[in-house]
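Here is the structure we will look at, set down as structure tokens.
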């Protein structure tokens, strides 16, 4: 190790080489520290998301998965490094992953544990080559319930008009007639 290279006596001819190696070792430490900092920032940001997020490499192996995705998909965080198509029991997600790894942007609906989700998949490209995929899961339960409630209100309003408008109209016409 070059950590203690200052204490090791070297041949004067090797000093430029040991200096270069020491400099590269310091540069690698700095890069490793920066990489850890960025990974921690990414995990902090994605770890607090309510949406599920999964990042895949070009073979479909999980590179990263946030807490929400493990909950939604009912899989372990230990799935990192494994093919999502093998660890996920959600057929829609497996199909989306396959399509995204083939270069296609796609979406689907899935009901998981009584909750409605909109699933999105996008390829990650490097030049013209697919280098992975991003899978996103959004809870759409409240939106769908609001849409259903709105549809029910419209149906009620329409039924009300169909039933009571003729009665009202008939009543109005009778009240207009002279005795």
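Numbering (our numbering), first residue to last: 351 to 529.
Even glycine gets a Cβ: it sits at the ideal position worked out from N, Cα and C.
As the structure is a prediction and not an experimental result, all values here were calculated from the model.
Original post:
By how many angstroms is the C-alpha of residue 427 removed from the C-alpha of residue 415?
Top reply: 7 angstroms
Could you give the residue range of the alpha helix (DSSP H) that holds residue 423? 417–423
* **Residue of 436, 461 and 401 minimising C-alpha distance to residue 484** => 401
Leaving out five residues before and five after residue 384 in sequence, what residues of the same chain have Cβ atoms less than 7 angstroms from its Cβ?
none
Do the CB positions of residue 488 and residue 467 come within less than 8 angstroms of each other? yes
Note to self: Looking at residue 450: is its Cβ nearer than 8 angstroms to the Cβ of residue 471?
What the structure shows: yes
Check: So what does DSSP say about residue 361, is it helix, strand or coil?
Finding: coil
Under DSSP, the beta strand (DSSP E) around residue 468 begins and ends at which residues?
465–476
Taking Cβ to Cβ, would you say residue 442 is nearer than 8 angstroms to residue 419?
no
*Where are the alpha helix (DSSP H) runs, 4 residues long or more, that stay fully inside the region 376–460, in chain order?*
417–423, 434–437 and 441–451
*With a CB to CB cut of under 6 angstroms and the five nearest residues on each side skipped, what residues in its chain are close to residue 424?*
none
Output yes or no for whether 8 angstroms exceeds the beta carbon distance between residue 547 and residue 482. This structure does not reach residue 547, given that the chain is present from 351 up to 529, and the question cannot be answered.
Sheet register partners of residue 489 (DSSP bridge): 467
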